Structures are given as C-alpha cells and as structure tokens.
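> Sequential numbering of the sequence shown, starting at 1, is according to my numbering.
Yeah, the Cβ is synthetic: ideal placement off N, Cα and C, and Gly gets one too.
Nothing here was measured: the structure is a model prediction, and the numbers come from that model.
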Amino acid sequence: MLKFNNNVPFIEGTSLNDIMKVCQTPFYIYSQDLITKKVEMTKKALGNKIFFSVKSNSNQAILKLMQSLDIGADVVSIGELKRAISAGFHPNKIIFEGVGKSKNDLIYASQKNIHLINAESLEEIKLIEKIAGDTNKKINIGIRLNPNIDGGTIKKISTGKKTDKFGIEIEDIKNIINLIKNCSNIKLIGISCHIGSQISDINAYKNTFLEMKKAADKFVEAGINIKHVDLGGGFHVKYNGNDQEFNINDIKKELDQCFINSTYELSFEPGRYLIAEAGILVTSILTKKQNGGINYLIVDAGMNTLIRPAMYNAHHNIEAINKKSEKLINYAIAGPICESSDIFLNNIELPEQNIDDILIIKDTGAYGKVMSSNYNSRTLPPEVIVHKDKFAMIFIPEKIEKNILEDIIPTWM
Ligand SMILES: Cc1ncc(COP(=O)(O)O)c(C=O)c1O
Numbered sequence: 001m002l003k004f005n006n007n008v009p010f011i012e013g014t015s016l017n018d019i020m021k022v023c024q025t026p027f028y029i030y031s032q033d034l035i036t037k038k039v040e041m042t043k044k045a046l047g048n049k050i051f052f053s054v055k056s057n058s059n060q061a062i063l064k065l066m067q068s069l070d071i072g073a074d075v076v077s078i079g080e081l082k083r084a085i086s087a088g089f090h091p092n093k094i095i096f097e098g099v100g101k102s103k104n105d106l107i108y109a110s111q112k113n114i115h116l117i118n119a120e121s122l123e124e125i126k127l128i129e130k131i132a133g134d135t136n137k138k139i140n141i142g143i144r145l146n147p148n149i150d151g152g153t154i155k156k157i158s159t160g161k162k163t164d165k166f167g168i169e170i171e172d173i174k175n176i177i178n179l180i181k182n183c184s185n186i187k188l189i190g191i192s193c194h195i196g197s198q199i200s201d202i203n204a205y206k207n208t209f210l211e212m213k214k215a216a217d218k219f220v221e222a223g224i225n226i227k228h229v230d231l232g233g234g235f236h237v238k239y240n241g242n243d244q245e246f247n248i249n250d251i252k253k254e255l256d257q258c259f260i261n262s263t264y265e266l267s268f269e270p271g272r273y274l275i276a277e278a279g280i281l282v283t284s285i286l287t288k289k290q291n292g293g294i295n296y297l298i299v300d301a302g303m304n305t306l307i308r309p310a311m312y313n314a315h316h317n318i319e320a321i322n323k324k325s326e327k328l329i330n331y332a333i334a335g336p337i338c339e340s341s342d343i344f345l346n347n348i349e350l351p352e353q354n355i356d357d358i359l360i361i362k363d364t365g366a367y368g369k370v371m372s373s374n375y376n377s378r379t380l381p382p383e384v385i386v387h388k389d390k391f392a393m394i395f396i397p398e399k400i401e402k403n404i405l406e407d408i409i410p411t412w413m
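1. I need the straight-line Cα distance from residue 207 to residue 258, nearest angstrom please.
2. Return helix, strand or coil for residue 290, following the three-state DSSP convention.
3. Using a Cβ distance threshold of 8 Å, determine whether the segment 159-176 contacts the segment 127-134, with at least three qualifying pairs required.
4. Please confirm whether any heavy atom of ligand 1 lies closer than 6 Å to the CB of residue 420.
5. Tell me whether the beta-carbon of residue 110 lies closer than 7 Å to the beta-carbon of residue 78.
6. Compute the minimum distance between the beta carbon of residue 233 and the heavy atoms of ligand 1, and state whether it is under 6 Å.
7. Taking C-beta to C-beta, are residue 352 and residue 325 nearer than 7 Å?
8. Three or more C-beta pairs under 8 Å: does that hold for the segment 110-123 against the segment 141-155?
9. Which same chain residues end up closer than 7 Å to residue 294 when comparing Cβ atoms and leaving out the 5 residues on each side of it in sequence?
10. Since residue 302 is in the beta strand (DSSP E), which residue starts that stretch and which ends it?
11. Keeping to the same chain, check which residues put their C-beta closer than 6 Å to that of residue 156; ignore five residues upstream and five downstream.
12. From what residue to what residue does the alpha helix (DSSP H) around residue 309 run?
13. Span of the alpha helix (DSSP H) holding residue 20?
14. Mind checking who residue 169 pairs with in its DSSP beta bridge?
15. Label residue 169 either buried or exposed according to how many other C-beta atoms from any shown protein chain fall within 10 Å of its C-beta, with 16 as the threshold for buried.
16. Since residue 54 is in the beta strand (DSSP E), which residue starts that stretch and which ends it?
17. Under 8 Å: do the segment 299-307 and the segment 35-51 share three or more Cβ pairs, one atom per stretch?
18. Please go through the same chain and pick out, in chain order, the residues whose beta-carbon is closer than 6 Å to the beta-carbon of residue 319, but skip the five residues on each side of it.
19. Please indicate yes or no: does the CB of residue 194 lie closer than 6 Å to some heavy atom of ligand 1?
20. Exposed or buried, which one is residue 340 when buried takes at least 16 other CB atoms within 10 Å?
21. Do three or more CB pairs link the segment 88-108 to the segment 60-78 at distances below 8 Å?
22. Tell me the rounded alpha-carbon separation between residue 221 and residue 265.
23. For ligand 1, is there any heavy atom lying closer than 6 Å to the beta carbon of residue 56?
24. With a threshold of 8 Å, are at least 3 pairs of Cβ atoms found where one atom belongs to the segment 391-398 and the other to the segment 8-27?
25. Please state whether DSSP places residue 415 in a helix, a strand or coil.
26. When the Cα atoms are used, what is the spatial distance from residue 203 to residue 185?
27. Could you check where the alpha helix (DSSP H) with residue 110 kicks off and where it finishes?
28. Can you determine whether any heavy atom of ligand 1 sits closer than 6 Å to the C-beta of residue 83, and answer yes or no?
29. Quick check: residue 281 and residue 28, are their CB atoms within less than 7 Å of each other?
30. Could you tell me whether any non-hydrogen atom of ligand 1 is closer than 6 Å to the CB of residue 269?
31. Under DSSP, the beta strand (DSSP E) around residue 237 begins and ends at which residues?
32. Which residues share a DSSP beta bridge with residue 190?
33. How about residue 1 and residue 31: do their beta carbons lie closer than 7 Å?
34. Should residue 337 and residue 376 be called a contact, given that it needs their Cβ atoms to be closer than 7 Å?
35. I'd like the span of the alpha helix (DSSP H) that includes residue 124, first residue to last.
36. State the Cα-Cα distance for the pair residue 180 and residue 277, rounded to the nearest angstrom.
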C-alpha cells in the first residue's frame, strides 16, 4: 500500500510526510481505495450478500465506507450494533451473533428490527422465544451451527470444531427442529457457521459448504423454511511471502458445486480479507541496543497498539522508510511495553536504522486498532484514512490526562 516517489513514501496520492506533520506515531493509516477495491472484488466473486465483520475494524469511518459500498454488517456485541447503526447501516442489513448475549442485548437487538439474531445454543433459542413472547414481537432468528470442521488454522482462531465453544453442534439438528416447532414467537429463517479465521484450505470450505447444505435441507424437509445460509468469514490473507496462496474465485467454484440447484440465499461475513491489507501501522524508533548479540530496535508501537504478534505469534512484514544505508543489519523489532512477548519481528534484515527513523508494520487494517489497549497506561493509537490526495484523522489521539480522570479514588482513602 506504500509506494515510493523520489524516495518519499505515499499512500494513494498522499505523502506520509504530510500525515506525519499532524499525527504523532504510533498511528494506523487505511487506504480507502484499497478497501473499496477489495470489497468490489469480493462482491464480484461471491455476490452482494456480504456482511462486514465489524469486529475486525469498527471505526465508524470504515463502517460508513463499507455501508456506502452496499454491504451489510455482522456484529458481535451491542456496542458494535450501535456503531453500525450510527455509521448508517440500515438495521435490516445487520446480523447480530456472538456466543454470549445478555437478555438486554437480545431485547435491544430485537427492538432495532435487524436482519436476524443468530442463536448459538438451545438455551438462547428458548430465551429469544421468551423475549419475543413477553414483548409481543415476532423475532427473526438464525442458528449458528458448529459443523465440526477443522479449518487448519491455529488453535486460537479455530471456531468450527466440535470442542470449540461456538455454535450448536450440527448433530443437534433434530433437537433444534423439535424446539423450533414448539416456538410460536420466533421465526427461524437462516443458518450460519464460521469455522475460523485465516483459512486457506479449499477442502475445509468445501466440507463446510456440503455440511451446511445438508443441514439446511434437513430443516426444509422438516417444514422449516430456511431462506438464508450464511457461510461465515475466515478468508485467508497473505501476511508473509511464504503463506499459502488463497484465491476467492476458488471459493466461488466450490460454492456453485455444493449449492447447485438450491435456492438458498448464500451470504458471507468476512472481516480480515476486506481490510487487513489496506492498513499500516506507522511507528518511530525510540532507541537501539544490542543485547546478547541481538540488535534491538525499540519502537513506540507496542503490543498495546498491535497485539497480534504477541497473542498469536502472527507475522507482519515491516518496511523501513530510511533505506539510505547500504549496510543491511539483522534486527529484532520490539515495542516499549514491559513484557518479553512485546516483539513484532525477530530476524529482519533492514538497512541500518537510527533513532527517530520510521518503520511501517504492514497489513494491520484488521484486528489492529480494535484490539489495542491502554496497557502500561499508554493511549490508544490514532487512525487516519487516505482518499487519493486527501486524508482525515478518524480516531483522535487519546489524552492520558482524560483517562486518568476516569478512575475514581473512593472518599475513604
Ligand atoms: C462469527 C464470525 N464471523 C466472521 C468473522 C470474521 O472472520 P475473518 O476476519 O477471519 O473473516 C469472525 C471472526 O472471528 C467471527 O467470529
């Protein structure tokens, strides 16, 4: 996403230097053009029924952009639902799911008349039925099924195996059908699944599609008119040159084969795929040192700014803006947080770097800012979006003084 013009780094038609005049590192930048292209490409491959997974990036400017590109929103909390509505999504283009929803969450979502609420347990179906009865309102629901498929991704982001906490076991369909038949206030209109994130194995998709088709047919045979089959997100992003190749058109081929002659409305809920590569994290080098023969560059972004490397051992490529030196040095890039896991990359060769030089941590548009925290009493990173030769700050820098005022010391102390 970063292009150099006479050694000056540009995002679209905007120079990074101009952004740096008004924004202090560390901060995120998104390219509106790249997001738009990825959404259009995904719609072209899979059709219009795309619900952006808000958890991957919930900034309202990003949501507004997604909404303007005519896709829906997939939310997993009332906070995300409120953000999506406030950014302009029509409620009938919002799906609400999540493995644990409170009674108040369900009441709120049902009052908003969203597209559907996905139930993830038999108990939750009963609760929604009760809420619908108590509030005298017909509620459209979907059921998130757990198809017991291993997506071949890392354990921490696997969600579709029987032992994972998500969804209702697919073998429980008979029990779901019996329960639904005894419910008079809710209407089951869809089923969904999501087997995990960063999935490149085409067979995992194929097996999921086949299981979901079989499941939908079972409901229909039992007289329950399933209209929507939501096949989740999880599309793979190439963070590393060695990563598996993933082509969204291969998904389309499997989809057409598995759902041949069926009339279900098929939808997807990708997050990462739509936005990861359209974001970068800009960070400055605070200091450098050699410990035990390792050349550390300590930068001002840390695991509080981008937690994926510390949490999942995730790889993000890093590029130096200063490429002047011909001497390549093997560096470890670490954050300032007081944790040994606060390392972005070990063993990266870069031209020799100096204090205050800028590094770019790539492909950080998804699960970046949304997972940032105030750990070590650091502030959340600002965010900027670029559109051609314009840019705008879309999340203003926090003030630590304001955060400090949010704590209350009791009067007896
Ligand atoms: C239910 C559900 N749908 C969609 C997604 C989006 O996944 P991804 O960002 O990998 O596409 C997630 C993320 O884990 C999820 O839990």
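Checking against the coordinates, here is how it stands:
1. Working through the sequence shown from its first residue, we reach residue 207 at position 207. Working through the sequence shown from its first residue, we reach residue 258 at position 258. Between residue 207 and residue 258, the C-alpha separation is close to 9 Å.
2. On the sequence shown, residue 290 is found 290 positions in, with the first residue counted as 1. Correct three-state label for residue 290: strand.
3. no
4. Nothing can be reported for residue 420: it is not among the residues displayed for the chain, which extend from 1 to 413.
5. Here residue 110 refers to the residue found at position 110 of the sequence shown. Here residue 78 refers to the residue found at position 78 of the sequence shown. No. Outside cutoff.
6. Here residue 233 refers to the residue found at position 233 of the sequence shown. Within the cutoff, so yes.
7. Along the sequence shown, read from residue 1 onward, the residue named residue 352 stands at position 352. Along the sequence shown, read from residue 1 onward, the residue named residue 325 stands at position 325. In this structure, residue 325 lies closer than 7 Å to residue 352 by Cβ.
8. yes
9. As a working mapping, residue 294 is identified with position 294 in the sequence shown. Closer than 7 Å at the Cβ level, and outside the excluded window around residue 294, lie 332.
10. Indexing the sequence shown from 1 puts residue 302 at position 302. Segment: none, residue 302 is in no beta strand (DSSP E) and carries neither H nor E.
11. Numbered from 1 along the sequence shown, position 156 holds the residue referred to as residue 156. Around residue 156: 312.
12. Within the sequence shown, the letter at position 309 stands for residue 309. Residues 308-312.
13. As a first step, residue 20 must be located in the sequence shown, where it is residue number 20. Looking at the DSSP string, the run of the alpha helix (DSSP H) that includes residue 20 is 16-22.
14. As a working note, residue 169 is residue 169 in the sequence shown. Paired residues: 146.
15. On the sequence shown, residue 169 is found 169 positions in, with the first residue counted as 1. Exposed.
16. As a working note, residue 54 is residue 54 in the sequence shown. Neither: residue 54 is in no beta strand (DSSP E) and is coded neither H nor E.
17. no
18. Position 319 of the sequence shown holds residue 319. Excluding positions up to five away in sequence, the list reads 360.
19. By one-based count along the sequence shown, residue 194 stands at place 194. Residue 194 Cβ: within cutoff of ligand 1.
20. The sequence position of residue 340 within the sequence shown is 340, counting from 1. By the neighbour-count rule (16 or more Cβ atoms within 10 Å), residue 340 is not buried but exposed.
21. yes
22. On the sequence shown, residue 221 is found 221 positions in, with the first residue counted as 1. On the sequence shown, residue 265 is found 265 positions in, with the first residue counted as 1. Rounded to whole angstroms, residue 221 to residue 265 spans 17 Å at the Cα level.
23. Within the sequence shown, the letter at position 56 stands for residue 56. Residue 56 Cβ: within cutoff of ligand 1.
24. yes
25. What is shown of the chain runs 1 to 413, which leaves residue 415 out entirely.
26. In the sequence shown, residue 203 corresponds to position 203, counting from 1. In the sequence shown, residue 185 corresponds to position 185, counting from 1. Using only the alpha carbons, I get a separation of about 38 Å.
27. Translated into positions along the sequence shown, residue 110 becomes position 110. Here the alpha helix (DSSP H) through residue 110 covers 103-111.
28. By 1-based counting over the sequence shown, the position of residue 83 is 83. No, the beta carbon of residue 83 sits no closer than 6 Å to any heavy atom of ligand 1.
29. Residue numbering aside, residue 281 sits at position 281 when the sequence shown is read from its first letter. Residue numbering aside, residue 28 sits at position 28 when the sequence shown is read from its first letter. Yes.
30. Here residue 269 refers to the residue found at position 269 when the sequence shown is read from its first residue. Under cutoff, so the answer is yes.
31. Within the sequence shown, numbered from 1, the residue matching residue 237 stands at position 237. Run containing residue 237: none; DSSP gives neither H nor E here.
32. Residue 190 sits at position 190 when you count from the first residue of the sequence shown. Looking at the DSSP assignment, residue 190 forms a beta bridge with 142, 228.
33. Position 1 of the sequence shown holds residue 1. Position 31 of the sequence shown holds residue 31. It is a contact, given that the beta carbons lie within the stated cut-off.
34. Residue numbering aside, residue 337 sits at position 337 when the sequence shown is read from its first letter. Residue numbering aside, residue 376 sits at position 376 when the sequence shown is read from its first letter. In this structure, residue 376 lies closer than 7 Å to residue 337 by Cβ.
35. Indexing the sequence shown from 1 puts residue 124 at position 124. Run containing residue 124: 122-134, per the alpha helix (DSSP H) assignment.
36. Walking along the sequence shown from the start, residue 180 turns up at place 180. Walking along the sequence shown from the start, residue 277 turns up at place 277. Going from the Cα of residue 180 to the Cα of residue 277 covers about 42 Å.
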